[in-house]
Amino acid sequence: MQTLLRFTQGVDWLTEQIGQALKWLVLAATLVCAGNALYRYGFSNSSNAWLEVQWYMFGAMFLLGAGYALKHEEHVRVDIFFSRLTPQQQAWVDVIGGVLFLMPVAILIAWLSIPMVINSYNIHEMSSDAGGLLRWPVKLLIPLGFGLLALQGVSEIIKKLAIARGVIQPGKAYEKPVQ
Numbered sequence: 000m001q002t003l004l005r006f007t008q009g010v011d012w013l014t015e016q017i018g019q020a021l022k023w024l025v026l027a028a029t030l031v032c033a034g035n036a037l038y039r040y041g042f043s044n045s046s047n048a049w050l051e052v053q054w055y056m057f058g059a060m061f062l063l064g065a066g067y068a069l070k071h072e073e074h075v076r077v078d079i080f081f082s083r084l085t086p087q088q089q090a091w092v093d094v095i096g097g098v099l100f101l102m103p104v105a106i107l108i109a110w111l112s113i114p115m116v117i118n119s120y121n122i123h124e125m126s127s128d129a130g131g132l133l134r135w136p137v138k139l140l141i142p143l144g145f146g147l148l149a150l151q152g153v154s155e156i157i158k159k160l161a162i163a164r165g166v167i168q169p170g171k172a173y174e175k176p177v178q
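Encoded structure:
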C-alpha cells in the first residue's frame with residue numbers, strides 16, 4: 000500500500016502543477032476576452048481567430064482542470080446520506096463511485112475521442128469561420144483532459160481505499176453544503 004500511496008503523491012503533484020498553470024490561463028483568457036471586446040466595440044472590428052483562442056482557453060481550463068477539481072473534492076456531489084456516514088464509510092462510497100462511474104466514463108471518453116483527434120489532424124481540419132484556427136488542438140484537449148481525470152481518479156481511489164482500511168487518516172472532514 001505504501002508504494003501505491005507514493006504513486007498518488009506523484010499524481011497529486013502533477014495535478015497540482017497543472018492546476019496552478021491553469022490559474023494563469025484564467026488570467027490570459029480574461030485578457031483575451033477583454034481585448035476581443037475592446038477590439039470589437041472600440042474599433043468596430045473583430046477577429047475570429049482571437050475569439051476561437053478565447054474558446055480554446057475556456058475548453059482547456061475545464062477539460063484539463065477536471066483532475067484538479069477532483070483532487071480538491073470540488074465536483075458536484077448530491078448529498079442525501081453522505082454527510083451522515085463515518086469517514087471510512089464515505090471513503091467506501093467514493094471508491095465504489097470512482098470504480099463504477101468515474102473511471103469507466105473517463106477512460107471511455109478519452110479512448111473514443113482519440114480517433115476524432117487523429118482524423119482532425121490528418122485532414123488538417125479548420126474552423127468553418129473565416130480566419131479560424133485548426134481544430135485538432137482543441138479536440139486533443141478531450142483525451143488529455145479525461146486521461147488526466149482518470150489518472151487523478153486512480154489516485155483518489157487508492158487514497159480512499161487507504162482511508163477505508165485505516166492505513167491513513169482522512170485529510171479533512173466532509174462538510175455538508177449549505178442548503
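The numbering of the sequence shown is numbering that gives the first Met the number 0, which starts it at 0 and goes up by one.
All C-beta atoms, glycine included, are put in the ideal place defined by N, C-alpha and C.
What is the DSSP secondary structure of M0, counted as helix, strand or coil? Taking the sequence shown and counting its residues from 1, one reaches residue 0 at position 1. It is coil, neither helix nor strand.
Buried or exposed for E155, please, with buried defined as at least 16 other CB atoms from any protein chain shown within 10 angstroms of its CB. By 1-based counting over the sequence shown, the position of residue 155 is 156. Counting Cβ neighbours within 10 Å, E155 comes out buried, since at least 16 surround it.
Should the segment 30-42 be regarded as contacting the segment 0-11, the criterion being three or more beta carbon pairs within less than 8 Å? no
Which listed residue (K70, E72 and V92) has its alpha carbon closest to that of F80: Counting from 1 along the sequence shown, the entry for residue 80 is found at position 81. For the residues K70, E72 and V92, the minimum Cα distance to F80 belongs to V92.
Which residues bound the alpha helix (DSSP H) around I117? The sequence position of residue 117 within the sequence shown is 118, counting from 1. Segment M102 to N121, the alpha helix (DSSP H) holding I117.
Given that a residue counts as buried once 16 or more other Cβ atoms are within 10 Å of its Cβ, and exposed if not, what is V77? In the sequence shown, the residue the question calls residue 77 occupies position 78. Under this definition V77 is an exposed residue.
Strictly by DSSP, which residues pair up with L133? Walking along the sequence shown from the start, residue 133 turns up at place 134. Beta-bridge pairing links L133 to M125.
Between the segment 120-133 and the segment 87-104, can you find at least three pairs of beta-carbon atoms closer than 8 Å? no
Let me know the secondary structure DSSP gives E51 once reduced to three states. The residue labelled residue 51 in the question sits at position 52 within the sequence shown. Three-state DSSP puts E51 in a helix.
Under 8 Å by Cβ, that's how I've got L140 and G58 pegged, so tell me the actual separation to the nearest angstrom. Walking along the sequence shown from the start, residue 140 turns up at place 141. Walking along the sequence shown from the start, residue 58 turns up at place 59. Confirmed, Cβ separation roughly 5 Å.
Local conformation of D78 per DSSP, three classes: Taking the first residue of the sequence shown as position 1, residue 78 is located at position 79. Correct three-state label for D78: coil.
Candidates S43, G41 and Y55: closest to G131 by CA position: Within the sequence shown, the letter at position 132 stands for residue 131. The option with the nearest alpha carbon to G131 is Y55.
Kindly indicate which residue of F42, R134 and H74 has the alpha-carbon position closest to the one of L148. The sequence position of residue 148 within the sequence shown is 149, counting from 1. Ranking the options by Cα distance to L148, first place goes to H74.
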